[in-house]
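For the sequence shown, the working numbering gives the first residue as 554, with consecutive numbering after it. We put the CB at the ideal spot given by N, CA and C, even for glycine. For reference, the structure is listed below as structure tokens.
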Amino acid sequence: MALSMTGYGRGEVLLTDRRMLVEMKSVNNRYADFQIRLPRVLSSLESSVRQYLTRQISRGKIDVFINFTSLAAQSSQIICDTNLAAEYARALQQIGETIGTAWTPDAEAVARFPDVVRTESTEVDEDEMWQQLLEPALSQALDHLMSMRQTEGERLAEDIIARLDRLHVMCQEISLRAPEVPLAWRERLMTRIESLLGDKAAELFDEQRLAAEVAVFADKSAIDEELVRLGSHLEQFASILSSDGSIGKKLDFLVQEINREINTIGSKANDLHLTTQVVEMKSELEKIREQIQNIE
Numbered sequence: 554m555a556l557s558m559t560g561y562g563r564g565e566v567l568l569t570d571r572r573m574l575v576e577m578k579s580v581n582n583r584y585a586d587f588q589i590r591l592p593r594v595l596s597s598l599e600s601s602v603r604q605y606l607t608r609q610i611s612r613g614k615i616d617v618f619i620n621f622t623s624l625a626a627q628s629s630q631i632i633c634d635t636n637l638a639a640e641y642a643r644a645l646q647q648i649g650e651t652i653g654t655a656w657t658p659d660a661e662a663v664a665r666f667p668d669v670v671r672t673e674s675t676e677v678d679e680d681e682m683w684q685q686l687l688e689p690a691l692s693q694a695l696d697h698l699m700s701m702r703q704t705e706g707e708r709l710a711e712d713i714i715a716r717l718d719r720l721h722v723m724c725q726e727i728s729l730r731a732p733e734v735p736l737a738w739r740e741r742l743m744t745r746i747e748s749l750l751g752d753k754a755a756e757l758f759d760e761q762r763l764a765a766e767v768a769v770f771a772d773k774s775a776i777d778e779e780l781v782r783l784g785s786h787l788e789q790f791a792s793i794l795s796s797d798g799s800i801g802k803k804l805d806f807l808v809q810e811i812n813r814e815i816n817t818i819g820s821k822a823n824d825l826h827l828t829t830q831v832v833e834m835k836s837e838l839e840k841i842r843e844q845i846q847n848i849e
């Protein structure tokens with residue numbers, strides 16, 4: 554089952570006077586990259602969040618936004634650094650003396666300086682915070698995210714399967730046309746010989762030499778092996794697309810192999826019909842390549 558790497562999820566848990574909100578958004582990326590933003594009071598739980606997500610997601614850039622709100626009176630406390638305030642006061646007094654201006658101690662002014670008065674959150678029970686609030690909110694958000702990724706993955710898979718079917722059809726058309734190519738080449742060669750030799754064509758014509766040339770051409774332009782490998786790659790691609798787990802890198806590798814076989818067929822195709830089919834196949838394959846860049 555193909556999973557897209559694009560999605561969004563939201564989870565929220567409310568417990569009396571506490572609220573945990575988790576939002577996730579993901580985009581395609583070659584590897585798993587988690588960007589976790591959470592309040593300072595929850596910083597010790599970042600590794601737990603990362604481990605939780607790693608068990609579920611193997612590829613994609615995931616932005617995680619965690620917000621915690623507590624209405625409890627003891628959730629924060631005001632800290633006053635009196636030693637730092639005294640240092641600021643002495644510094645202001647020295648400045649006043651230096652410039653000849655008397656300074657009257659002003660507690661409100663000193664309190665505005667950095668770190669003199671600050672608010673700090675009280676310590677939280679990590680186990681309780683994780684089990685009752687953060688993990689349930691993460692679970693909700695992840696469920697929504699994965700649901701969206703699955704829906705988008707199914708849409709991508711449908712589009713890719715339709716393109717695989719077209720590649721199969723073109724592959725069959727090439728298989729039918731390939732045996733006719735040496736015969737068509739022989740006819741073109743005969744026409745050219747007749748145009749060059751004119752009335753002497755029948756006299757100078759060497760049927761054995763022509764047969765040998767056609768045999769050499771047929772050998773050089775043979776694409777039977779390439780068609781067999783191409784068909785096998787297409788079948789394998791469809792099988793992997795319907796399997797579970799992380800399949801994006803496997804599909805990307807197969808696209809490269811399919812492209813290699815198509816290029817080889819194109820290089821051997823001394824035929825306008827085959828060349829046209831090869832161009833169309835490469836166009837379809839490029840669209841498949843674009844789609845699988847967003848598959849996990």
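Can you name the residues that DSSP bridges to R563?
E576
In whole angstroms, what separates the C-alpha of P732 from that of R612?
In a straight line, the C-alpha of P732 is about 45 Å away from that of R612.
Could you compute how far the alpha carbon of L567 sits from the alpha carbon of A585?
30 Å
Provide the residue span of the beta strand (DSSP E) that contains R608, from first to last.
No beta strand (DSSP E) contains R608, which DSSP labels as neither H nor E.
Taking DSSP as the reference, what is the three-state secondary structure of D696?
helix
Would S795 and E849 qualify as a contact pair, given that the criterion is a beta-carbon distance under 8 Å?
no
Of the listed residues A791, L783 and R739, nearest to V769 (C-alpha basis)
Nearest of A791, L783 and R739 to V769, Cα basis: R739.
Three-way DSSP call (helix, strand, coil) for Q588 in this model
strand
Per DSSP, which one or two residues make a beta bridge with K773?
Paired residue(s): none; K773 is not in a bridge.
Hey, would you say E839 sits closer than 8 Å to E814, going by beta carbons?
no
Just to confirm, are E599 and L606 a CB contact at a threshold of 8 Å?
no
C-alpha gap between T559 and S728, whole angstroms
39 Å
Go ahead and pull the three-state DSSP assignment for S792.
helix
Would you check if the distance between the CB atom of L691 and the CB atom of V575 is smaller than 8 Å?
yes
Between the alpha carbons of R708 and L686, how many angstroms are there, rounded?
In a straight line, the C-alpha of R708 is about 34 Å away from that of L686.
According to the neighbour-count rule (16 or more other Cβ atoms, all chains shown, within 10 Å of its Cβ), is K773 buried or exposed?
exposed
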